Amino acid sequence: MSKPLLFKFIETVNCRNKSLNGVSGIVIDETAKTVKVLTLTGSIKVIIKEDCWFYVNINNCTYLVNGRKLILKGGKGKFLNS
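What follows is the structure in structure tokens.
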């Protein structure tokens with residue numbers, strides 16, 4: 071399974087669970103529907119992709135991505151289109 075966010079720096083925004091807004095750190099594990107983030111304070115948070123939007127830093131560029139677009143389909147590394 072492709073893990074496009076693995077080892078990327080992310081920050082959460084517009085989460086259904088408001089306590090997850092602003093969580094930032096390095097993605098240390100990724101499943102089809104979740105990311106596990108090592109935060110700047112050293113804690114580990116598991117975040118459901120479809121419940122948040124993410125700022126993702128890739129090659130010194132920051133992108134705002136809807137978490138629903140990050141859900142992996144069938145373990146094949148393809149993103150859902152809806």
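According to our numbering, the sequence shown is numbered sequentially starting from 71. Each residue gets a CB set at the ideal place from its N, CA and C atoms; glycine is no exception. Here the structure is a predicted model, which means the values were calculated and not measured.
Item	Value
Neighbour-count burial assignment, phenylalanine 77, 16 or more Cβ in a 10 Å radius	exposed
Length of the line joining the Cα atoms of phenylalanine 149 and valine 116	Because the pLDDT of phenylalanine 149 is 44, which lies under 50, any placement of that residue in the model is unreliable, and the question is left without a value.
Per DSSP, cross-strand counterpart(s) of valine 107	Val97, Lys115
Cα-Cα separation between isoleucine 155 and glycine 112, rounded to whole angstroms	In the structure displayed, the chain extends from 71 to 152; residue 155 sits before or after that span and is not available.
Serine 72 versus aspartate 121 - alpha carbon distance	21 Å
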